[in-house]
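Numbering (the working numbering), first residue to last: 5 to 439. Glycine included, each C-beta is placed from N, C-alpha and C at the ideal position. Report on the structure given below.
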């Protein structure tokens with residue numbers, strides 16, 4: 005039964021793969037190799053398996069390459085979008101700051117004019133009171149003179165009856181001259197009083213006009229302050245989220261950066277206004293709050309340069325291994341695979357503390373950053389920096405290689421905080437939301 009099944013299979017294969025002979029001729033003899041149907045079937049099956057494996061492997065590599073290229077292109081587009089957004093916000097912030105300063109200058113000028121008008125009004129009022137007091141004195145003197153004149157007339161009448169009319173006429177003329185002099189002085193005082201009253205009325209009307217202009221100016225200042233406050237809110241919140249996403253306390257970072265950049269002066273110095281013992285000026289408080297937000301954005305910019313939010317490889321690459329356990333051991337970094345010689349860049353400002361060979365790391369560069377952060381760049385092909393050299397974010401420090409304990413060209417990138425390794429993608433992803 006088994007022999008019959010074997011013969012059937014052999015007959016089937018013979019129809020599909022007839023026996024062939026491969027002749028090999030030399031100068032002295034001719035040989036041939038007989039290819040049985042079973043041998044041809046094995047060769048045909050092996051060829052199909054090899055071709056299928058080649059197609060599948062090529063498709064996998066192509067999909068990985070396309071995926072890595074798309075991720076890198078998206079990261080570059082996000083970075084360009086953020087830079088354009090940051091530039092627009094910076095321009096708008098500068099324009100709003102200039103508008104606020106100009107509005108503050110107009111506000112101060114209006115206050116000075118109102119102060120001058122109030123001083124003039126007070127001086128006019130004081131002078132008016134003095135003239136009224138003088139007028140009352142003159143009126144009292146006039147009444148006394150009138151009373152004295154009446155008494156003099158009575159005395160003149162009495163004397164006229166006794167001594168004759170000539171002596172009474174002389175005394176009456178003298179009293180009339182005194183009365184005329186007092187009447188002229190009273191008329192001049194009344195005219196001066198009317199002039200002062202007219203000046204006071206004009207000052208009051210002008211002060212009302214200035215108050216209207218001041219109210220309109222305050223409304224425009226309020227609109228400018230509101231727009232600036234909204235712009236500051238939109239600018240500060242993404243930066244706060246970026247540092248929190250990286251596990252960093254924004255307030256501690258701001259205080260640490262401020263201690264290193266403690267010089268004062270310039271356009272961001274808080275505004276100070278004399279309140280003469282009264283409550284602080286609300287506009288000054290709002291302006292100082294805006295200036296404080298602008299200063300916080302500037303401090304965030306400095307902090308972002310000193311923390312590794314950037315990515316070390318800007319050319320096309322492929323993620324080959326992430327942070328975490330691998331093959332039973334802890335993998336303390338992230339691997340970026342690419343061709344040998346691919347440029348490697350510093351991910352933050354810092355100082356090079358190591359540039360040389362380090363056992364399994366191969367050619368290794370260590371950079372110390374602020375906030376207790378250190379970054380490591382391993383398996384390099386070349387190193388472009390020296391120990392003690394200061395580097396900036398985005399500055400080229402070496403080239404990708406295959407040195408040390410490595411299975412192929414790639415960059416092993418580590419981030420350590422306080423000496424402890426953390427996942428570098430925490431910082432890279434946090435930075436992609438802003439940069």
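Considering Cα atoms alone, identify which of the options is closest to residue i.
{"i": "residue 293", "options": "104, 215, 128", "result": "104"}
{"i": "residue 380", "options": "425, 248, 374", "result": "425"}
{"i": "residue 76", "options": "251, 316, 401", "result": "316"}
{"i": "residue 402", "options": "422, 49, 349", "result": "349"}
{"i": "residue 360", "options": "154, 385, 96", "result": "385"}
{"i": "residue 94", "options": "302, 387, 398, 358", "result": "302"}
{"i": "residue 221", "options": "115, 162, 413", "result": "115"}
{"i": "residue 12", "options": "30, 42, 37, 414", "result": "42"}
{"i": "residue 411", "options": "109, 342, 30", "result": "342"}
{"i": "residue 97", "options": "295, 132, 10", "result": "295"}
{"i": "residue 354", "options": "321, 335, 334, 395", "result": "395"}
{"i": "residue 65", "options": "415, 321, 428, 358", "result": "321"}
{"i": "residue 334", "options": "246, 427, 415, 247", "result": "427"}
{"i": "residue 431", "options": "415, 245, 19", "result": "245"}
Give every residue of the same chain whose Cβ lies closer than 6 Å to the Cβ of residue i, excluding the five residues on either side of it in the sequence, and list them in chain order.
{"i": "residue 35", "result": "28"}
{"i": "residue 356", "result": "371, 389, 391, 393"}
{"i": "residue 307", "result": "257, 261"}
{"i": "residue 319", "result": "346"}
{"i": "residue 364", "result": "408, 409"}
{"i": "residue 362", "result": "368"}
What does the Cβ neighbour count give for residue i, buried or exposed, with the cut at 16 atoms within 10 Å?
{"i": "residue 257", "result": "buried"}
{"i": "residue 199", "result": "exposed"}
{"i": "residue 339", "result": "buried"}
{"i": "residue 60", "result": "exposed"}
{"i": "residue 228", "result": "buried"}
{"i": "residue 14", "result": "exposed"}
{"i": "residue 272", "result": "Low confidence applies here, because residue 272 scores a pLDDT of 46, under 50, leaving its location unreliable; read the following figure in that light. It counts as exposed."}
{"i": "residue 70", "result": "exposed"}
{"i": "residue 291", "result": "buried"}
Pull up the CB-CB distance for residue i and residue j, whole angstroms please, since I reckon it's below 8 Å.
{"i": "residue 332", "j": "residue 418", "result": "Actually they are not in contact, since the Cβ atoms of residue 332 and residue 418 sit about 19 Å apart, beyond 8 Å."}
{"i": "residue 310", "j": "residue 352", "result": "6 Å"}
{"i": "residue 373", "j": "residue 312", "result": "7 Å"}
{"i": "residue 39", "j": "residue 17", "result": "That belief does not hold up - the Cβ atoms of residue 39 and residue 17 are roughly 12 Å apart, past 8 Å."}
{"i": "residue 378", "j": "residue 420", "result": "5 Å"}
{"i": "residue 298", "j": "residue 375", "result": "Not really, about 23 Å apart at Cβ, beyond 8 Å."}
{"i": "residue 254", "j": "residue 344", "result": "Not confirmed; about 40 Å, so no contact."}
{"i": "residue 397", "j": "residue 314", "result": "5 Å"}
Can you list, in chain order, the residues of its chain with a C-beta nearer than 8 Å to that of residue i? Leave out the 5 residues immediately preceding and following it.
{"i": "residue 118", "result": "211, 214, 215, 218"}
{"i": "residue 387", "result": "359, 360, 367, 369, 401, 402"}
Worksheet item: Any contact of the segment 74 to 84 with the segment 54 to 61, i.e. 3+ C-beta pairs under 8 Å?
Response: Taking 8 Å as the limit for Cβ pairs, the verdict is that the segment 54 to 61 does not touch the segment 74 to 84.
Item to complete: Give a yes or no on contact between the segment 422 to 439 and the segment 392 to 410, applying the rule of three or more CB pairs nearer than 8 Å.
Response: no
Worksheet item: For the segment 362 to 379 against the segment 321 to 341, are there 3 or more C-beta pairs whose distance is under 8 Å?
Response: With a cut-off of 8 Å, the segment 321 to 341 and the segment 362 to 379 do not count as touching, because too few Cβ pairs lie within range.
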